[in-house]
Each structure stands twice: as C-alpha cells, then as structure tokens.
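K.L.:
Residue numbers (my numbering), protein chains in the order written: chain A, 1 to 799; chain B, 1001 to 1156.
Cβ atoms here follow ideal geometry from the backbone N, Cα and C, with glycine treated the same way.
Structure below; questions to follow.
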Amino acid sequence: MAEYQYIGKSIPRTHEIDKVTGRAIYIDDLKLPGMLYGKILYSSYAHARIKRIDTTRAKQLPGVRVVLTGYDIPDVRVGFIKDQTVLKRDVVRQFRDEVAAVAATSPEIAREALDLIEVEYEELPGLFDPFEAMQADAPLVHELDARGRPLRTNILPLPWKFSAGDIEEGRRQSAFTVKDRVTTTWVNQCCMGTSGCVADFDANNNLTLYNQTNVIFGAKQRIGDYFSKIGLKGKKIRVKNVVVGGSFGTKLDTDIYEFICIQLALKTKKPVKILFTREEEFKALPPRQPAIFNIEQGCDKEGRLTFRHAEAVLDNGAYTSWGVTTPSVMMTPMSSLYRVPNVFFKAECVYTNNIYCQAMRGYGTPQATFAVETSMDRLAEAAGIDPAEFRIINRNEAGDITPMKLKITSCGLLECIEAVKEKIQWDEKKGLQKDRGVGMASLIHVAGGARVYKSDGHGIRIKVDEEGSVDVISGGTDQGQGSFTVLAQIIAETMGFTPDDVSFTIGDTALGLWDAGTHASRHTFVAGNACILAAEKVRRQILEMSAELMPRIIQYGLKRKARMDKEFQVPDIDFNLMTDPENLDINNRIVCLKSDPDNPLYQIDVTQILRQGLHVGTGESKTVMAEVFYDPPTQMLDREFKGNYSMTYAFGTTGAEVEVDRATGQVKILNLVAAHDVGQSINPALIRGQIYGAAYTGVGYALTEEIKVQKGKVMNPNFRDYQILTARDRIPVEAVVVEKGDEDGPYGAKGIGEPGLVPTAPAIANAIYDAIGVRIKELPITPERVLDAIKAKEGDDVC
Amino acid sequence: MKKVSVSFTLNGDEVSADVPITWTLLKTLRETFELTGAKEGCGVGECGACTVIVDGQTVNACIYPVPEIEGRHVSTIEGLADKEGNLDPLQTAFLENNGVQCGFCTSGMIMSAKSLLHDNPNPSEDEIRSAISGNICRCTGYVQIVESVDLAAKKA
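Here it is, written out as structure tokens:
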C-alpha cells in the first residue's frame, strides 16, 4: 500500500475550532437587523373540514406584523408529487397540517398570536391503517391529484416493482423456504439542532434563504419552481447554509415551514426566522418511513439462495416527501444483499391521515435489511446451517453483477463477516449460552455516489494565493461529518501541501458550483474525486511556474550568499534538472526534484515560487486556480430499476452479543462489533465517528425508538418519552475497518456515512433469538414485546 | 413586561442587566449578552445543549429562571479558553479526538465535562458517562466524547 503523508491519518478537526469555543453560527444564532420571528399554527384534527378561520384578534396583538392563512397566499401545490399546499385551505388531512402562520417581533409574541387565531373545524373520519386505506371502499385522503384529476384509490401511483430471474424456478430449486412478516416503524432523526431557516428579500424581491439544507441547488430549484407560480418568476434566489446542527436526512427535502417562512418575509418585507421547538421537531417534521414486509426466501440443500420474494406496504401519511421514494433504495438490499438469482420486490405506498415521512440515514436500507436479515437467519436455521456460514456461502464478491445490474468492483464482505465472527467469539458462543446470544447481519449500500438525479456531479474551485493558502469553494455542505478535514487531507496529499493550508467555503449557491447534494454517503467519494482532479491541476500549474522560476531563484540565492560570505563554495548544481515540470515534485510545500526529493540544493519553498510567479508586473500577473466538475460514470436506473447507479458499494457486517432478562424483557447489549469495508480510510478517527454514531442510532432503532402515533397524533414528542439513548446506556461498540481499496474511490475510499446504522437492528434481533429462542420481527424490540413473545412461545410450548 | 435587575459574574466579569422576569438564564445569555454557545435543543431540560456552570454546578440554562442568577458565578463555553485564547484541554481534546461532529451539543457537553474534571480530575469511564448523561448527542454515539474527556483528564 502506498505511503501517504496525510491519507489514513487522524488529522484533528481544527477547521472547526468555532464549534468548541461557542462561536459557530447555527440557524438559532443568526440574527439579521429588523428580523421577525415566524410561528406556525397546526391542525387540531387528523382529518377535518375548516369551516371558519378568524385571525382578527391575532392581528391586533402588538408586535404582530402579519398573520397568514391559506386564503391569503396563492393556492400553489408543492412537494415531491405536488400533493399539498403551503398553508391548507378547506380541508386538513393530518395533525401537522399548517393552517396559519404569524410573523412578530419576538417568538413569544408570535406564539401568543397563534392562541388568538380561531379555527372552527368539522371533524371527518380518519384513516390510520394503511391496509384499511388500501381497501377498494376506503374513503379517499385526496380526492384529486396534482392536475385536478379524480383519484380512485389511496394507493399512490408509483412504479415500485422489481423483478429479476424467475421466482417460480427459484421455488422449484429450493430445498428450504421461509416466509415472514416484518414490521418497522416511525423514528425521528433527532438532530440536536432543530429545523429552521431565515428568509430575507431585498427591495427587488430577490431572496436570500439562510438554510441548513444538504442540497443547496435542489432547494434553490424547488423554491424557483414555487416562485414561478406565485408571480416571482425570474427573481434571484441564493441559498446559503449556516453551520448545520445535524441532518440525518431531514435536510434533503424543502419542508413546508421553509415556504411559509418565505411567504412571511415576502409579506412583511423583513427578514423572518422560523425555528422549530423540539416538540415541533417531533410532531411536524417528517420522520423515517415505516414499512411492513412480507418476505419469502428459499435456498437449496447446500444453502445457496434460490429466490427472494418481498412485498412491502408503506404508510405514506397524508402527503408525500422523500419517504415515498425509499422503495427505490430498498431495491438495492432486496436485490443485491448476498447472491440471489431470482428476485421479486414490490412496494405500495398508501395515503392515510398519519404523519408523512422523508429520508433518514440509510434511506430505505435499514427497513429492507431488517426484513432480509431476519429472513436470512430463519432460512439458515431451516437449512440447518450456521447463520454466519450461511451468509458466507451467499456472500457478494468483487466481480459480481447483481440482479439489479450493480457492478461490485470491490467487496470486503467476507472479511467483515470473519472479523465479526472472531471479535464476537461466534463459534464459542453461538447457541451455547443461557439467555445470552450472538447474532449478525450485513449490508450493502451505495458508496460511490448515487445517480438519483440526471447529474450526480460535484463542482469545485481551488485557488492558491501568493502565501500558499489554498482556498476551496465547494457546492457541497457539511452536517457534522467533517468534510472540511477529509477533503483538506485529500487536497493536501494531492498538492503536496498541508491540510492546514486548505480553507473551505461551502453551502452557498451564489459561489459554489453544482453539487447533487451531500446525501447517499456520496460526499467523500464524489467531492473527494473532484478535489483530486482540481488539486492535480493547481499542482501542475505550480510545477510549471517552478520550472520557470526555480533555477533563477536558486541561482540568485547562491550568488547572494557568495557575495555575503566570501568563503562560501558555490555548489555544483545542474539547473537543467529544474526546467522540466515533469522532474519536479511538491512535498510539504517544498518544491523538489522527483528523483532526489531530499537534496536540499534542489529545494525551494513554494511561497517563493508563488510570490514571484503570481505577481509578475503590469499586465503579467498570473493565477493558480482550477475549476473542476466530477461526475462519476454511472447509470440512471432504467424503467425496471436496473443499472449501475453508484461507482462502488459499501459492505459491512454487525455482530451483537446480548443478554435478555426473561423477567423484565430488558435486552442488554454486551458487545457490538461493526465491521465495515471502507475501501481506504482517509481519516480513521472520523470513520470511527461515523460508525459509532450510526451504530448507536441503529441500537435505538432496534430497541427503544418509536414515534408513538395514535389516530394520527404524535403522543411522545420529547426526548424522554421517545427514549433516545444517552451516554449512560453504555453500549460497547467496536469499529472494525476493512481496507481493500477501491479503484475508483479517492485514494481508494468508499462512502461510510450511512452504513453503520443499517445492519444494527437485525443483528440485535438475531442475537435475541439466539439468547432466548424467540424471534421478534417488529421494531423496536421493547421489553413489552420481548415479554409478549416469551409468553406466546411458552404458550406454544405448553400446547 | 415586568423586568428584573440582575447582577452576577459572567465568565469572570461583573455584569448586570434588566431582563424580563419570565426569561430563562439561557435566553438572557443569548439575547442580552450575545453568548450563543449554549444552545436550546429542547427547552425543557432534557437534552443539555444549554448546559452552563453556576457556582460550580452544571445547570440546564433553558429552565433556569433568570431572577435566580443574582449574585452567582456563571461560566459558559465562551469563557473556557484563557484570555490569550489558549483552548482548555477539553476543547483541544474534542477537536483532536473527533469528539465534535455537528457541534450543536458540544458546548453543553464540554461544560458538563469541565464541571466533572473540576470535581474529579481522574474520572472513570462510568463517571464520565454519568456526568454527560444529561447531554444528548445524535452524531457520535458518545464513544469519542468519552474518549475526549478521558484524554483531557490525562493531559491536565
């Protein structure tokens, strides 16, 4: 393996010093002169007709600048399939429906004004069960589609169907089959910084939106689309991020509160901030998409998978954000986690009067992987094969082309499974302990971009000034993962500079070049490759400049030294060696000979080159800069949802050892080993951070976290009742990093943002089964569910 | 709105202010003194993003009534580095050991750790975990935060 200066080193996050000194400006901290504060009034019912809204008293409250209802702004549809409006008129379809909004001089006044808005509703019956909502005679959540055409069903007209091979042939080849119903629920992303933005129009109605989005250009497009429908076509839009207090998927879509904030700012001609309370974050922010799977798999006598057949029903809630697209991502594990020749997967998304959903770390992969890996364990047992061995038999390998036409170019799955086996002492513990057990699960996820839009590219600009400062402008964003550090390492390594030389300006549509978004674990891979290309260009420019100037500068230096010191012996230097940029290299800011980098006679500090080279004189000044766009040569998925939509794929395996208390149903995690094929570590400390954090959220997904929704209403909108894990829930996580290198990755790296979460829940569920012989197929695996399952099993045993 | 006059010590300086009587310490720090390091993550004392130290004890500033601050000593993240700007070992350790990701919980997390190390310079892992158990973090899984506190304790 190549010896790197900065790649593979745990370089500290010194670029983010403001985060440890309290100086970093989050949306909470942003205050513009004259800024007003917006608040939103939500529906009091899951489904109702609005009979009357009276805002008179709210408008009279001193400090209130505007009160808006759906009748005050254009009735324009927004959202992924344009199935909702910004403020709702006539009918509300969920508790989080935005009915009115206020802008006032303080958040307190705005909140008080909400209480003065009178809304009279006529309650309508609600639909809260997706299976009921699917019935032919079910009342409709929406009577018309975006174009005003009548709808006849609550099932969304989406094409989520994947088929490869021949399921019936697979069944015929099967010696063993298993069939399971597996259920996942709503969970909240729980960003520590809540949702919010500041909208600011100039006198020409050009907008600056201070935002927290992961997708600055996507946000700009969506707002531009909205502008074109509200009479602001052609007005300029600048989306500018502040420091982002976590995302985990929440900042992919443009949420309704952002459009409301824009309307409030437009009406008041003042900057307006909307900042969610924690309660709003739980009630009014779309969470992870729940899904219910019926999954069937088969294998032959040798344990080789013969087919996988899965059908999913997704409670879409009342409107549509990215949650509805999770089946397109579920197709990756459904079709390609382990080698399975015959696959069928279908998902139906159904309107109900529940909350609607969006992206969360892993997108649909955690849900689908819980289904696949529950089924894998059951099938291994049916076939009488050790579950680890069963997974090894069916493992993916480099060179595979999966049924989805994913090209597996590098794959460390075997190494991950073996690492987990060893670390968790699988062979010693599996099936041998009383009330203690071990389990494992694996994952596949995109790790080399994800061509979900026409462009999966990333644009970057680098300029180098006369002091050797490297300023980078990127169209990407950072939500805490540490892009500044990782990309600075990549640029420094490529240029021969140091990470400290590199500064970033990111998250600003006015400055950055197009980026498809910091999502899909794509940033290190795609932005990293763009950084390499741009850094190579500026490096080349500096070397060309050096070839021109280096002999002269060195010669001048030697002559001067000889003048000052009569005894100085001028060394014999072959200046011709320096006149060809091909002969030169840059190493830690020193320009040197490629063939003899340590020879001090042929070395010069890069600042000397840059100072003389950049500012030559009148009409002669030069620049060292590069502008690069990298778009991985991948494919859009075709109509059958097939195609190599990422340059490479991440693999990993989580192993869990648990202890179950049969009296209380409590599950204690004794050990959690998360082994991940990362290609190549750019920054091992940051990789561990991604794995630990994701695994912890995965443990919450497995055992505690659930947004409790009763008849459409969120019943536990706070951290305590939601049961988020704290430092006291001591979960021993060990991160194992497998580095096999990926030929297309920047220095061999693959994405690692999401994978850590994905296999955690099924690994724990499988370990619980090993401990107590009870298989729980519904998340979260609460003590109540464990006790119920134990009781049910004992009942079965008695019978 | 009825106001209250409060005088207290803030990061070593004597300060006073007239603030609405209903305000919390957090709102006062953020609005009146423009110290925005302490954050409101929940507003009900569950998440610890607003943690500051009052008379040597960590408090959730988001539920601390401002009249109660009269005559007390308040330390916030902004006062942690010395006057020359040299970072506290905790701040350095969090940066060096990836104890920071999104950073929203970081101010509160570091203040909880600061209070711990003041009372107990050589804490065990359990003691560290207990000290930060009122500070919720969604990014890190706490592992590298615990490591950072441990590292700072060992360096100090």
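What are the residues of the region 547-559 of chain A that lie near chain B, defined by any Cβ-Cβ distance shorter than 7 Å?
P.N.:
Listed by position along the chain: nothing, the set is empty.
K.L.:
Provide the residue span of the beta strand (DSSP E) that contains A/Arg436, from first to last.
P.N.:
If you number the first sequence from 1, residue 436 of chain A lands on position 436. Here the beta strand (DSSP E) through A/Arg436 covers Arg436 to Val446.
K.L.:
Have a look at A/Leu61, A/Asp225, A/Lys537 and A/Arg785 and flag the residue whose alpha-carbon is nearest the alpha-carbon of A/Thr623.
P.N.:
Locating residue 623 of chain A in the first sequence gives position 623, counting from the first residue. Measuring from the Cα of A/Thr623, the nearest candidate turns out to be A/Lys537.
K.L.:
Quick check: what's the CA-CA separation for A/Arg308 versus A/Pro633?
P.N.:
Within the first sequence, the letter at position 308 stands for residue 308 of chain A. Within the first sequence, the letter at position 633 stands for residue 633 of chain A. If I take the Cα positions, the gap works out to 30 Å.
K.L.:
Below 8 Å between beta carbons is the criterion; list the residues of the region 469-489 of chain A that meet it against any residue of chain B, in chain order.
P.N.:
Within the region 469-489 of chain A, the qualifying residues are Gln479, Gly480, Gln481 and Gly482.
K.L.:
Compare the C-beta of A/Ala727 against all C-beta atoms of chain B and say whether one is closer than 9 Å.
P.N.:
Start at 1 with the first residue of the first sequence, and residue 727 of chain A comes out as number 727. Chain B contact via Cβ: present.
K.L.:
Can you pull the chain B neighbours of A/Cys299, defined as C-beta to C-beta under 7 Å?
P.N.:
Here residue 299 of chain A is taken as the residue at index 299 of the first sequence, counted from 1. The contacting residues do not exist; A/Cys299 stays about 35 Å from chain B at best.
K.L.:
Who are the near neighbours of A/Lys740 in its chain, counting only those whose CB is closer than 6 Å to its CB and skipping five residues on each side?
P.N.:
Locating residue 740 of chain A in the first sequence gives position 740, counting from the first residue. The residues are Ser410 and Gly412.
K.L.:
Anything in chain B within Cβ reach of A/Met35, meaning under 8 Å, just list it in chain order.
P.N.:
In the first sequence, counting from the first residue as 1, residue 35 of chain A sits at position 35. Those within 8 Å of A/Met35 in chain B number zero; the least Cβ separation is about 13 Å.
K.L.:
The alpha helix (DSSP H) that contains A/Asn766, what's its start and end?
P.N.:
Reading the first sequence from its first residue, position 766 is the one you call residue 766 of chain A. Unbroken alpha helix (DSSP H) run through A/Asn766: Thr760 to Ile772.
K.L.:
Do A/Asn211 and A/Leu232 have their beta-carbon atoms positioned less than 9 Å apart in this structure?
P.N.:
Locating residue 232 of chain A in the first sequence gives position 232, counting from the first residue. Locating residue 211 of chain A in the first sequence gives position 211, counting from the first residue. No, the Cβ-Cβ distance between A/Leu232 and A/Asn211 is not below 9 Å.
K.L.:
Kindly indicate the opening and closing residues of the alpha helix (DSSP H) around A/Cys261.
P.N.:
The residue you call residue 261 of chain A lines up with position 261 of the first sequence. Element bounds for A/Cys261: Ile256 to Thr268.
K.L.:
Short check: CB of A/Cys299 to CB of A/Thr653, under 9 Å?
P.N.:
Locating residue 299 of chain A in the first sequence gives position 299, counting from the first residue. Locating residue 653 of chain A in the first sequence gives position 653, counting from the first residue. In this structure, A/Thr653 does not lie closer than 9 Å to A/Cys299 by Cβ.
K.L.:
Using a Cβ cut-off of 9 Å (strictly closer), state whether B/Lys1039 contacts chain A.
P.N.:
As a working note, residue 1039 of chain B is residue 39 in the second sequence. It does: the Cβ of B/Lys1039 has a partner Cβ on chain A nearer than 9 Å.
K.L.:
Sort B/Ser1007, B/Thr1022 and B/Leu1090 by Cα distance to B/Val1149 and report the nearest one.
P.N.:
Locating residue 1149 of chain B in the second sequence gives position 149, where the first residue counts as 1. Of the candidates B/Ser1007, B/Thr1022 and B/Leu1090, the one whose C-alpha sits nearest the C-alpha of B/Val1149 is B/Leu1090.
K.L.:
If you run the structure through DSSP and keep just helix, strand and coil, what is A/Glu627?
P.N.:
Working through the first sequence from its first residue, we reach residue 627 of chain A at position 627. Strand at A/Glu627.
K.L.:
Would you say the beta carbon of A/Asp377 is closer than 8 Å to some non-hydrogen atom of the ligand FAD?
P.N.:
Among the components of this structure there are no ligands whatsoever, and the ligand FAD is therefore not found.
K.L.:
Quick check on this structure: which residue in A/Thr369, A/Gln608, A/Leu584 and A/Leu610 has the alpha carbon closest to the alpha carbon of A/Asp598?
P.N.:
Counting from one through the first sequence, the residue named residue 598 of chain A turns up at place 598. Out of A/Thr369, A/Gln608, A/Leu584 and A/Leu610, A/Leu584 has the C-alpha closest to the C-alpha of A/Asp598.
K.L.:
Using a cut-off of 8 Å between C-beta atoms, extract the partners of B/Val1044 located in chain A.
P.N.:
Position 44 of the second sequence, counted from the first residue, corresponds to residue 1044 of chain B. Neighbours of B/Val1044 on chain A, chain order: Arg278 and Asn718.
K.L.:
Below 9 Å on C-beta distance, what does B/Glu1078 contact in chain A?
P.N.:
Taking the first residue of the second sequence as position 1, residue 1078 of chain B is located at position 78. In chain order: Thr21, Gly22 and Arg23.
K.L.:
Go ahead and pull the three-state DSSP assignment for A/Glu567.
P.N.:
Position 567 of the first sequence, counted from the start, is the residue given in the question as residue 567 of chain A. In this structure, A/Glu567 counts as coil in the three-state DSSP scheme.
K.L.:
Taking DSSP as the reference, what is the three-state secondary structure of A/Ile393?
P.N.:
Translated into positions along the first sequence, residue 393 of chain A becomes position 393. The answer is helix: DSSP assigns A/Ile393 an H, G or I state.
K.L.:
Alpha carbons only, please: which of A/Leu151, A/Arg278 and A/Ser335 is nearest the one belonging to A/Thr194?
P.N.:
Indexing the first sequence from 1 puts residue 194 of chain A at position 194. Cα-wise, what sits closest to A/Thr194 is A/Arg278.
K.L.:
Quick check on the DSSP output: the alpha helix (DSSP H) that includes A/Gln297 runs from which residue to which?
P.N.:
Your numbering for residue 297 of chain A matches position 297 in the first sequence. Segment Ala291 to Cys299 is the beta strand (DSSP E) holding A/Gln297; no alpha helix (DSSP H) there.
K.L.:
Distance cutoff 9 Å, beta carbons only. Does B/Asp1126 sit that close to anything in chain A?
P.N.:
The residue you call residue 1126 of chain B lines up with position 126 of the second sequence. With 9 Å as the cut-off, B/Asp1126 counts as an interface residue toward chain A.
K.L.:
What does a CB cutoff of less than 7 Å around A/Arg361 pick up in its chain, not counting 5 residues either side in sequence?
P.N.:
Residue mapping note: residue 361 of chain A aligns to position 361 of the first sequence, counting from 1. For A/Arg361, where only same-chain residues beyond five positions count, the Cβ hits under 7 Å are Phe248, Gly249, Ala694, Thr697, Glu754 and Leu757.
K.L.:
Per DSSP, what kind of secondary structure is A/His615 in: helix, strand or coil?
P.N.:
On the first sequence, position 615 is the one that residue 615 of chain A refers to. Here A/His615 sits in coil by DSSP.
K.L.:
For a test of the three-state rule: what should DSSP assign to A/Leu414, helix, strand or coil?
P.N.:
Taking the first sequence and counting its residues from 1, the one referred to as residue 414 of chain A is at position 414. Three-state result, A/Leu414: helix.
K.L.:
Thinking just about the alpha-carbon of each residue, which of A/Ile573, A/Gln297, A/Lys9 and A/Gly773 is nearest to the one in A/Tyr556?
P.N.:
Here residue 556 of chain A refers to the residue found at position 556 of the first sequence. Measuring from the Cα of A/Tyr556, the nearest candidate turns out to be A/Ile573.
K.L.:
Can you list the residues of chain A that B/Gln1091 reaches, using a CB-CB cut of under 9 Å?
P.N.:
Counting from one through the second sequence, the residue named residue 1091 of chain B turns up at place 91. Those within 9 Å of B/Gln1091 in chain A are Ile17, Val20 and Thr21.
K.L.:
Is the region 382-402 of chain A close to the region 782-798 of chain A, with three or more CB pairs under 8 Å?
P.N.:
With the cut-off at 8 Å, the region 382-402 of chain A and the region 782-798 of chain A do not touch.
K.L.:
Quick one: measure Cβ to Cβ for A/Phe525 and A/Lys750, integer angstroms, because I've assumed they're closer than 8 Å.
P.N.:
Within the first sequence, numbered from 1, the residue matching residue 525 of chain A stands at position 525. Within the first sequence, numbered from 1, the residue matching residue 750 of chain A stands at position 750. Between A/Lys750 and A/Phe525 the Cβ distance is about 6 Å, and since that is below 8 Å, they are a contact.
K.L.:
Taking only three categories from DSSP, how would you classify A/Val462?
P.N.:
Here residue 462 of chain A corresponds to residue number 462 of the first sequence, with the count starting at 1. One point to set straight first is that residue 462 of chain A is Ile, not Val, in the sequence displayed. Strand at A/Ile462.
K.L.:
For chain A, check one thing: does any of its Cβ atoms lie closer than 9 Å to the Cβ of B/Ser1107?
P.N.:
Taking the second sequence and counting its residues from 1, one reaches residue 1107 of chain B at position 107. Taking Cβ atoms only, chain A reaches closer than 9 Å to B/Ser1107, which makes this a yes.
K.L.:
Beta-carbon within less than 8 Å of A/Val736's beta-carbon, same chain only, minus the 5 sequence neighbours each way: which residues are those?
P.N.:
As a working mapping, residue 736 of chain A is identified with position 736 in the first sequence. For A/Val736, where only same-chain residues beyond five positions count, the Cβ hits under 8 Å are Cys416, Ala419, Val420, Lys423, Val673, Ala674, Ala675 and His676.
K.L.:
Beta strand (DSSP E) containing A/Phe345: first to last residue?
P.N.:
Against the first sequence, residue 345 of chain A aligns to sequence position 345. Asn342 to Tyr351 is the span of the beta strand (DSSP E), which, as asked, contains A/Phe345.
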